[in-house]
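I have placed the structure first, in the form of C-alpha cells, so that the comments after it can refer back to it.
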Amino acid sequence: MDEHSFNDLRQRLGDEHMGKRLRAQVDHITNVTGRGLGTFHFENLSLFFQLVDLFLNVSGLIKVGQRNALQFAVRENHVIFPGLPEPFKGLRILQLTDLHLDGYPGLGSLIAQTVAGLDFDLCVLTGDFRFSDTGLYRHLTEEFNALVPSLQCRLGILGILGNHDFIEMVPLIEAAGVRLLINESVVLDINNENLWITGLDDAHFYGLHDFDKALQGVPTETARILLVHSPEVIPEAAERGFGLYLAGHTHAGQICLPGGNPVLLNANCERQYTFGQWGFNGMSGYTSAGVGSSGIFARFFCPPEIVIHVLQGTSP
Ligand SMILES: [Fe+2]
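Numbering (the numbering used here), first residue to last: 1 to 316.
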C-alpha cells in the first residue's frame, strides 16, 4: 500500500480504527511466530494442518481432496424478509465467501467459469480473500482480475474483510472493482425505495466490528442486510433490525467425516448457525461453506459452494 492509499484509508476509517487494526495485525504475526503471550496460538492450528497434510500426501488422498475442492456446488437460498420493499422482492444476491484466492493457481478463473452462467443482481464477497492469515498476497491481483469480470451485475460488487485479510489489502481489492464495507453502509435505491447493506470489519479474530459506526446515517426504520465474516454476532445483529445476516468463515468444516460431520469449525456460536440457512428472532441468516479452502487446499465430504440468495417478502 503506498502512502497516498494509506492516507485515504486512514481518513475514511479514522485514526482509531486504523491504529487498532494495525496493532492487532502485528500482534497476530507475533503470535504466529510463537513469541506472543496470548492464549490463542495459531501455530497449534498449523501443526494440525501439517499433520493432516502429511497424512493426505502419504496416503495419496491429497489428489482426491483437491478434486473435491474444485467441484463447486451452486445453491439457491430463498430468504423470508419481512418488511422488504416491493422493488427488492425477487432480488438475487450472489454470495461468494472464503475465496482464499491464492490457495490454488488459476482458482479465480475456475470460479469465474462457474459463475458466468448465473443470473444475479448484486454480488457480495464476505471475506477471507487470502489463503494464509499472514504473509504475502501478491498473487491475489491476478486471481481477482480473472474473477471480477464474471461478477459484474446491475447493483455492483460489495465486500468485507475476514480474519485472513489485512487492512493493507484494501486498495488492491478495491482497485479490482470491489467496494469494501469496513464498518460502513451503502444504500441500494430502486424506484425511490431503499435497501441498506451494512458491512462489518472482522469480528472473529480482530474483534473490530462496530455496529454503531457502521449504522451511522442509516435510517432506523429501513430494510437492511448485514455482511459479517463469521456467524458470531447474531443476537447483536437481530437487536439492530437486520432482515438478513450473511456470513461464512466456518467452511462448514472443510474436512469432514463421512456424512458431513466437521472435525473443526472454529466459530464461537452454537452449531446450528455454522452452516446453511438459519433464523434468529425473526432475522434470516445464512452461513456459507465457502468457495475456497484454507490450511490445506482440499475438502472432504464438504463441497465448496456458490450461493444465490433470492429475497422474498413474508412468504415464499
Ligand atoms: Fe476462510
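Quick reminder that beta carbons are idealized off the backbone N, C-alpha and C, glycines included.
(request) Compare the C-alpha of Gln216 against each of His229, Leu244 and Val187 and name the closest. (result) On the sequence shown, position 216 is the one that residue 216 refers to. It is Val187 whose Cα lies nearest to the Cα of Gln216.
(request) Give the DSSP-derived three-state secondary structure of Met169 in the structure shown. (result) Taking the first residue of the sequence shown as position 1, residue 169 is located at position 169. Met169: helix per DSSP, three-state reduction.
(message) DSSP three-state label for Asp189, please.
(response) Here the question's residue 189 lines up with position 189 in the sequence shown. The answer is strand: DSSP assigns Asp189 an E or B state.
(request) Determine, using beta-carbon pairs with one atom in the segment 110–122 and one in the segment 91–102, whether at least three such pairs fall under 8 Å. (result) yes
(message) Could you check whether His204 and Asn183 sit closer than 8 Å to each other, using their CB atoms as the reference points?
(response) In the sequence shown, residue 183 corresponds to position 183, counting from 1. In the sequence shown, residue 204 corresponds to position 204, counting from 1. Contact: no.
(message) Quick check on Asn57: does DSSP put it in helix, strand or coil?
(response) For this step, residue 57 is matched to residue 57 along the sequence shown. Helix, per DSSP.
(request) Tell me whether His41 sits in a helix, a strand or coil according to DSSP, three-state version. (result) In the sequence shown, the residue the question calls residue 41 occupies position 41. With a pLDDT of only 45 at His41, under the threshold of 50, the placement of this residue in the model should not be trusted; the figure read from the coordinates follows. In this structure, His41 counts as coil in the three-state DSSP scheme.
(message) Measuring straight from C-alpha to C-alpha, what distance separates Leu226 and Leu200?
(response) Looking up residue 226 in the sequence shown gives position 226. Looking up residue 200 in the sequence shown gives position 200. Approximately 8 Å, taken between the alpha carbons.
(request) Please determine, among His164, Tyr206, Glu270 and Phe88, the residue with the shortest C-alpha to C-alpha distance to Pro235. (result) Taking the first residue of the sequence shown as position 1, residue 235 is located at position 235. Closest option to Pro235, Cα to Cα, is Glu270.
(request) Alpha carbon to alpha carbon, how far is Thr250 from Val115? Give it in angstroms, no decimals. (result) Translated into positions along the sequence shown, residue 115 becomes position 115. Translated into positions along the sequence shown, residue 250 becomes position 250. Roughly 22 Å separates the two Cα atoms.
(message) Here's the rule I'm using: 16 or more other beta-carbon atoms within 10 Å means buried, otherwise exposed. How should Pro304 be labelled?
(response) Counting from 1 along the sequence shown, the entry for residue 304 is found at position 304. Classification of Pro304: buried, given that the 10 Å Cβ count is 16 or more.
(request) Could you say which of His78, Arg299 and Ile308 lies nearest to Ile49 if we only look at CA atoms? (result) For the purposes of this step, residue 49 is taken as the residue at position 49 of the sequence shown. Before going on, a small fix: residue 49 reads as Phe here, not Ile. Of the listed residues, the one whose Cα sits closest to Phe49 is Arg299.
(message) Could you give the first and the last residue of the continuous alpha helix (DSSP H) run that contains His4?
(response) Translated into positions along the sequence shown, residue 4 becomes position 4. Where His4 is concerned, the enclosing alpha helix (DSSP H) stretches over Glu3 to Leu13.
(request) Alpha carbon to alpha carbon, how far is Asp15 from Ile29? Give it in angstroms, no decimals. (result) What you label residue 29 is simply residue 29 of the sequence shown in a count that begins at 1. What you label residue 15 is simply residue 15 of the sequence shown in a count that begins at 1. Rounded to whole angstroms, Ile29 to Asp15 spans 21 Å at the Cα level.
(request) For the segment 235–279, list the beta strand (DSSP E) runs that are entirely contained and at least 3 residues long, ordered along the chain. (result) 244–247
(request) Answer yes if the segment 260–269 comes into contact with the segment 67–79, meaning at least three C-beta pairs across the two stretches below 8 Å, and no otherwise. (result) no
(request) Measure the beta-carbon distance from His78 to Val310 and round it to whole angstroms, keeping in mind my assumption that it falls under 8 Å. (result) Counting from 1 along the sequence shown, the entry for residue 78 is found at position 78. Counting from 1 along the sequence shown, the entry for residue 310 is found at position 310. At roughly 5 Å, the Cβ-Cβ gap stays under 8 Å, so His78 and Val310 are in contact.
(message) For Ser150, count the other beta carbons within 10 Å of its own beta carbon; 16 or more makes it buried, fewer makes it exposed. Which is it?
(response) Indexing the sequence shown from 1 puts residue 150 at position 150. With 16 or more other Cβ atoms within 10 Å, it is buried.
(request) Report whether the distance from the Cβ of Gly106 to the nearest heavy atom of ligand 1 is below 7 Å. (result) Your numbering for residue 106 matches position 106 in the sequence shown. No; taking the cut-off as 7 Å, the Cβ of Gly106 has no heavy atom of ligand 1 nearer than that.
(request) Identify whether Ser230 lies in helix, strand or coil by the three-state DSSP scheme. (result) As a working note, residue 230 is residue 230 in the sequence shown. Ser230 falls in the coil class under three-state DSSP.
(request) For Gln66, name the three-state secondary structure that DSSP assigns. (result) Counted from its first residue, the sequence shown places residue 66 at position 66. Here Gln66 sits in helix by DSSP.
(request) Put Arg23 into one of helix, strand or coil per three-state DSSP. (result) Position 23 of the sequence shown, counting from 1, holds the residue named residue 23. Looking at Arg23 - three-state DSSP - the assignment turns out to be helix.
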